[in-house]
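Take any residue in the sequence shown, note its place counting from 1, add 984, and you have its number in our numbering. The beta-carbon is built from N, C-alpha and C at its ideal position, and this holds for glycine as well. Worksheet: one structure, shown below.
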Amino acid sequence: MPRKHEYYTSFKVNKQRQRRYDRQRAINEVSDNSSDESSDNNEQQHQQINNDDYTKQHLLLNKLNTSNLNYIDDEYDNLTGTNDPNVHLDHSKPLYQQSTITVKAALKLLSDFYTNANLDKQNVIKLLKTIKSILPQPNLMPTTWKGVLKVLGKTCLSRTTFLCSTCHQQCIKTKYGIKKCMNNNCLLYTKMLKSNEIVEIVNFDVRSQIQSIVRRNISVLGHQDLFPKSDICYGLFYQQISTQQRNPITIILHSDGAPLIKTSKQSLWPCFGSIVELPPPIREYQMNIIIVALWSSRKKPNVNIFLEESVKELKYLMKTGTSLFINEHEFNIILSTQYFISDLPAKALFCNTINFNGYYACSCCCTKGITA
985 MPRKHEYYTS FKVNKQRQRR YDRQRAINEV SDNSSDESSD NNEQQHQQIN
1035 NDDYTKQHLL LNKLNTSNLN YIDDEYDNLT GTNDPNVHLD HSKPLYQQST
1085 ITVKAALKLL SDFYTNANLD KQNVIKLLKT IKSILPQPNL MPTTWKGVLK
1135 VLGKTCLSRT TFLCSTCHQQ CIKTKYGIKK CMNNNCLLYT KMLKSNEIVE
1185 IVNFDVRSQI QSIVRRNISV LGHQDLFPKS DICYGLFYQQ ISTQQRNPIT
1235 IILHSDGAPL IKTSKQSLWP CFGSIVELPP PIREYQMNII IVALWSSRKK
1285 PNVNIFLEES VKELKYLMKT GTSLFINEHE FNIILSTQYF ISDLPAKALF
1335 CNTINFNGYY ACSCCCTKGI TA
């Protein structure tokens, strides 16, 4: 059997190398044979090309800026979530004495900055404290997150709860942010809890998220011609439910776990929701995903504790519904859920069943199963 050469290369690779070699040799020959006069002409020509490129880029930027300035808002640009004409009026006080900018205007500029810079709350508070110390005294610059939300007229859409990872009882928070477990039967009773001994649960306002998503996508909501024939909305179960309601909003819940840091056992378990009435791929856009709740801990979530508040809110919305105003028209929305999506380990955890590779693991029957 013939032995292949150690540095064997294909015909295609050799051909590419030969083309590069010929091209480089031609460039070198032209450079060696060129005179000083041609070099000067080339430099002038190169400078002219650069000037032309700069002129084209300058004209393009002017064109983009002009188009942005001449843009006229239409009915689909109502992303504020309200039709109140007085919502944008600034009645706040000046930032400091004889200041030309108000507190709300200053915070609006700062909020745009730290949002684009992707700063967390801790760094935002440090930034606000630094600016407050630089400004003339006294000034009205807030240095707490609640103060910022109050000035901007916004409310916090999430509720954070801290639990002891041993007994799953709610912790108390001291003045200096220290968390302690007050359960008499817990091993960590009255002890200062470390970060790996705390379970953090964040529950989000589902109602406000649904209203915001529906308001943004009202033009494409429920248009059957935008859905593929294999989509959920053509299923028999969905058709039976949707025909009984006027303005149905159907939510699909899905969850999974992921490690926060590779060197740590800390993991994050989010529970998301997506709206069936939005056509794909709009349904999967990040801005159209509902964040139901988050679980952060070294241990896997206890589902009865993790989703307790979220399930209560979903049941309340399914019973009473919700309403929103779009262009002075009120829409009554009836909420429903269809199914839960996850991989097999997460399914066993959230459904409180045997793991997928164990006996009696099927959620549809009582078959014992066999060992493969």
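Item to check | Inter-residue Cα distance where the pair is Tyr-1344 and Cys-1350 | outcome: The residue given as residue 1344 occupies position 360 in the sequence shown. The residue given as residue 1350 occupies position 366 in the sequence shown. Cα-Cα distance, rounded: 6 Å.
Next on the checklist: Rounded to the nearest angstrom, what separates Ser-1142 and Phe-1188 at their Cα positions?
Outcome noted: Within the sequence shown, numbered from 1, the residue matching residue 1142 stands at position 158. Within the sequence shown, numbered from 1, the residue matching residue 1188 stands at position 204. Between Ser-1142 and Phe-1188, the C-alpha separation is close to 4 Å.
Checklist entry - Thinking C-beta only, is Ile-1202 closer than 7 Å to Ile-1274? => result Start at 1 with the first residue of the sequence shown, and residue 1274 comes out as number 290. Start at 1 with the first residue of the sequence shown, and residue 1202 comes out as number 218. No, they are not a contact pair.
Item to check | Spatial distance of Leu-1172 from Ser-1179 (CA atoms) | outcome: To locate residue 1172, count along the sequence shown from 1; it is residue 188. To locate residue 1179, count along the sequence shown from 1; it is residue 195. Distance between the alpha carbons of Leu-1172 and Ser-1179 is about 13 Å.
Checklist entry - Is the beta carbon of Arg-1330 less than 7 Å from the beta carbon of Asn-1339? => result Working through the sequence shown from its first residue, we reach residue 1330 at position 346. Working through the sequence shown from its first residue, we reach residue 1339 at position 355. The sequence as given places Ala at residue 1330; Arg does not occur at that position. Going by beta carbons, Ala-1330 and Asn-1339 fall outside the 7 Å limit.
Checklist entry - Does the Cβ of Gly-1353 have 16 or more other Cβ atoms within 10 Å, making it buried, or fewer, making it exposed? => result Within the sequence shown, numbered from 1, the residue matching residue 1353 stands at position 369. Burial is judged here by how many other beta carbons sit within 10 angstroms of a residue's own beta carbon; Gly-1353 has fewer than 16 and is exposed.
Checklist entry - Can you list, in chain order, the residues of its chain whose CB lies under 8 Å from that of Asn-1169, leaving out five sequence neighbours each side? => result Taking the first residue of the sequence shown as 1, we reach residue 1169 at position 185. If we look at Asn-1169 and ignore the five residues flanking it on each side, its Cβ neighbours are Cys-1151.
Next on the checklist: What ranges does the beta strand (DSSP E) occupy inside the stretch 1260-1310, keeping only unbroken runs of at least 3 residues that lie completely in it?
Outcome noted: 1274-1281 and 1306-1310
Next on the checklist: Spatial neighbours of Ser-1320 within its chain, please: C-beta separation below 8 Å, excluding the five flanking residues on both sides.
Outcome noted: For the purposes of this step, residue 1320 is taken as the residue at position 336 of the sequence shown. In the same chain as Ser-1320, and ignoring 5 residues on each side of it, the C-beta atoms closer than 8 Å to its own belong to Ile-1225, Gln-1229, Pro-1232, Ile-1233, Thr-1234, Ile-1235 and Met-1302, in chain order.
Item to check | Straight-line Cα distance separating Glu-1181 from Thr-1050 | outcome: In the sequence shown, residue 1050 corresponds to position 66, counting from 1. In the sequence shown, residue 1181 corresponds to position 197, counting from 1. Low confidence applies to Thr-1050: its pLDDT is 45, below 50, so where it sits in the model is not reliable, and the reading given next is rough at best. Going by the C-alpha atoms only, they are around 56 Å apart.
Item to check | Gln-1223 versus Ile-1185: straight-line alpha-carbon distance, rounded | outcome: The count along the sequence shown starts at 1 and reaches residue 1223 at position 239. The count along the sequence shown starts at 1 and reaches residue 1185 at position 201. Cα to Cα, the separation comes out at about 35 Å.
Checklist entry - Are the beta-carbon atoms belonging to Leu-1124 and Lys-1092 less than 7 Å from one another? => result Within the sequence shown, the letter at position 140 stands for residue 1124. Within the sequence shown, the letter at position 108 stands for residue 1092. Contact: no.
Checklist entry - Since Val-1135 and Pro-1126 are thought to touch, with beta carbons under 8 Å apart, how far apart are those beta carbons, to the nearest angstrom? => result Taking the first residue of the sequence shown as 1, we reach residue 1135 at position 151. Taking the first residue of the sequence shown as 1, we reach residue 1126 at position 142. Right, the Cβ-Cβ distance comes to about 6 Å (below 8 Å), so this counts as a contact.
Checklist entry - Apart from the five residues on each side of it in sequence, which residues of its chain come closer than 7 Å, Cβ to Cβ, to Asp-1209? => result Translated into positions along the sequence shown, residue 1209 becomes position 225. So no residue of the chain qualifies.
Checklist entry - How do the stretch 1252-1267 and the stretch 1277-1288 stand: do at least 3 beta-carbon pairs fall below 8 Å, yes or no? => result yes
Next on the checklist: Using CA atoms only, rank isn't needed, just tell me which of Ser-1117, Phe-1146, Gln-1106 and Ser-1149 is closest to Thr-1128.
Outcome noted: Stepping through the sequence shown from its first residue, residue 1128 is reached at position 144. Closest option to Thr-1128, Cα to Cα, is Gln-1106.
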